[in-house]
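Letter by letter, the sequence shown follows residues -16 to -1, 1 to 428 in mature numbering (1 follows the signal peptide of the UniProt record, and there is no 0). Cβ coordinates follow ideal geometry from the N, Cα and C atoms, glycine included. Below is one structure, written out as structure tokens; comments come after it.
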Amino acid sequence: MSHVLMAALASASLAAAPAPVDQPSPPPSDHAAMDHQGMDHGAMDHGAMPHAAPPGSASRYTHRMGPADGSYSTGSGTARLPGAEAPGPAFHLMAGNWMAMLHGIVSAQYTAASGPRGTGKLYTTSMLMGTLARETGWGRVQVRTMLSHEPTLARDGYPNLFATGETAYGQPLVDRQHPHDLVMELSARVDVTVAPDTTLFVYGGPAGEPALGPSMFMMRGSAIYNPEPPIAHHWFDSTHITYGVVTAGVAGRQFQLEASAFRGREPDERRWAIETGKLDSWSVRGTWTPSPRWAIQASYGAIKEPEALHPGENERRFTASAHYADGALSAMAAVSAKRRVPGETLTAWLAEATWAPGRHHALFGRIEHLGNDELFPDHAAADHEHAVPVTKLQAGYARRLPTALGELALGGTVATFLKPARLDASYGRQPVQGTLFLRLRIGR
């Protein structure tokens, strides 16, 4: 499967269109500058669409779903992103009153890290997302799915120095990023308009994302070209694949309040099937979108036994984030504290940004700091279950090319780490990690 994906990426690169001259990105509110040529106006039933579209309605034919005035965009699950977030490519089809949308990312990558724990690996990652949406006289209905080929990878995934979380072959994953599941999302959302610009909504399904944390890293504009998952992933958005979710809330143009019941256990290492279980955990989240350039959220969750290797250990997680976007620039800062019950509280913070001033170049970076107590699972190790402070500093570049299948990006990233000197024997004095990537964002 990985070879097939790499061949597809190579074919897309050969089909790259000639590169036009770079131009600055249009202002996010300049609707006259938007390309409407791909919209099949004749196939749209405008009579079925209310003039005052509900807060969850689609206004742009990209994968950024949001209200007609662009006050916000929808990220993963029910999370919000700034409305000025640069829209990504997607394929669309109108079928009566239904709009079908397909978009995704396929990437071939090589990651190598220095030091005693460093390794190198060539691998592929992917996510393919499909949406069916329909406006009604009383609101809106949306059905979504997200799939990945990553279960075909080895269970221990790929290198990511200082990352921890989940298991492979019955052992905890350390300095590795786990693969994603075949079914990452299978959900539906129904919005009912109760007042001008205000809806009550219910979201849920056998696979989805609860109201906890910011939008997952793969769908944030601030991280869209970054090939490496955050090492603080399990502080902020590890619940983006949750098997069993029900969320209810109230949504307006500038606010959203919501609460979720969900299954707390993280997916196991057998990643082909949808798992089942009790909705034994809960979360609440408030999001404020004061303007199209900002999305600010705070959330809290009580998670029942998230880690399979720590039975009886629950988690209380708090997150807060502020996301800014103006079309060319997308940036996010976030903080998190997770308290083990029983156990100590571990904190993390993260700042990341992507700057894409034209159609062909993107610069991106990330700084994150956390205290991690899972780097030494061996009970005989001196730092076993001791929180070790680690800081990762990362920068990268992507060259972007339009193709018949979507946007192709070729680039690389390099990272270095700050850590206590006592970790030199395990990681080297100054560990370094780098990734080269070829990434296709599917759509037009």
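CA-to-CA distance, residue j to residue i, given in whole angstroms
i      : j      : result
VAL5   : ALA63  : Bear in mind that the predicted position of VAL5 carries a pLDDT of just 40, short of 50, making it unreliable; the figure below should be weighed with that in mind. Between VAL5 and ALA63, the C-alpha separation is close to 35 Å.
VAL127 : GLU169 : 10 Å
LEU98  : ALA382 : The question names Leu, but residue 98 in the sequence shown is Ser. SER98 and ALA382: Cα-Cα distance of roughly 23 Å.
TRP272 : SER244 : 18 Å
TRP278 : ARG124 : 24 Å
PRO100 : THR136 : 27 Å
PRO324 : PRO341 : Note that residue 324 is Arg in the sequence shown here, rather than Pro. Their backbone Cα atoms lie some 42 Å apart in a straight line.
GLY296 : ARG254 : 22 Å
GLY349 : PRO143 : 19 Å
VAL186 : SER55  : 21 Å
GLY395 : ALA346 : 9 Å
PHE421 : HIS344 : 16 Å
ASP19  : GLY121 : Reliability of the predicted coordinates at ASP19 is poor, the pLDDT of 40 falling under 50, and the value obtained from them is presented with this limitation in mind. Computed Cα separation, rounded: 27 Å.
ASP362 : THR387 : 48 Å
SER132 : HIS368 : 34 Å
GLU299 : LYS288 : 7 Å
Any non-hydrogen atom of the ligand ADP closer than 8 Å to residue i Cβ
i      : result
VAL125 : This structure lacks the ligand ADP; in fact it carries no ligand of any kind.
For residue i, the nearest candidate out of the options (CA to CA)
i           : options                           : result
ALA68       : ARG247, ILE287, LEU394 and PRO276 : PRO276
GLU336      : GLY396, GLN378 and LEU330         : GLN378
THR148      : HIS217, ARG425, GLY123 and ARG350 : HIS217
GLY189      : SER206, ARG247, PHE146 and GLY205 : ARG247
ALA304      : SER267, LEU420 and PRO198         : PRO198
LEU116      : LEU106, SER55 and THR129          : THR129
GLY59       : PRO71, TRP82 and ARG350           : PRO71
THR375      : TRP219, PHE146 and HIS133         : PHE146
GLN238      : SER222, PRO386, GLN281 and ASP264 : GLN281
ALA79       : GLU119, SER55 and ARG269          : GLU119
MET83       : GLY114, GLN240, HIS307 and GLY61  : GLY114
PRO180      : GLU291, ALA235, LEU86 and SER265  : ALA235
residue 488 : PRO290, TYR284, GLU242 and HIS164 : Summary: the structure shown does not reach residue 488, with the chain confined to residues -16 through 428, and so no result is reported for it.
THR95       : ILE89, THR103 and GLY88           : THR103
Three-way DSSP call (helix, strand, coil) for residue i in this model
i      : result
GLY185 : Looking at the sequence itself, residue 185 is Phe, so the reference to Gly does not match. DSSP places PHE185 in strand when its eight states are reduced to three.
PRO386 : strand
PHE360 : coil
PRO143 : strand
ALA365 : coil
PRO12  : Annotation note: pLDDT 43 at PRO12 (below 50); position unreliable, coordinate value reported separately. PRO12: coil per DSSP, three-state reduction.
ARG64  : strand
LEU424 : strand
THR58  : strand
ARG413 : coil
GLU69  : coil
ASP6   : Residue placement at ASP6 cannot be trusted, given a pLDDT of 43 that sits under 50; what the coordinates show is reported in the next sentence. Residue state, collapsed to three classes: coil.
LEU116 : strand
ARG101 : coil
PRO373 : strand
THR136 : helix
ALA191 : strand
Run of the beta strand (DSSP E) containing residue i, from where it starts to where it stops
i      : result
ASP159 : 155 to 161
ALA79  : 75 to 79
SER91  : 82 to 97
Beta carbon proximity, residue i to chain C, threshold 9 Å
i      : result
MET202 : Absent from the structure is chain C; it holds one protein chain and no more.
Span of the alpha helix (DSSP H), counted from its first residue to its last, around residue i
i      : result
ASP175 : Per DSSP, ASP175 belongs to no alpha helix (DSSP H); it is in the beta strand (DSSP E), 167 to 179.
Exercise. Which full runs of the beta strand (DSSP E) of 3+ residues lie inside the stretch 282 to 335, going along the chain?
Worked result: Taking only runs of at least 3 residues, the beta strand (DSSP E) segments lying wholly in the stretch 282 to 335 are 298 to 309 and 313 to 325.
Exercise. Unbroken alpha helix (DSSP H) runs of length 4 or more, entirely within the stretch 199 to 267: which are they?
Worked result: DSSP runs (the alpha helix (DSSP H)) wholly in the stretch 199 to 267: 217 to 220.
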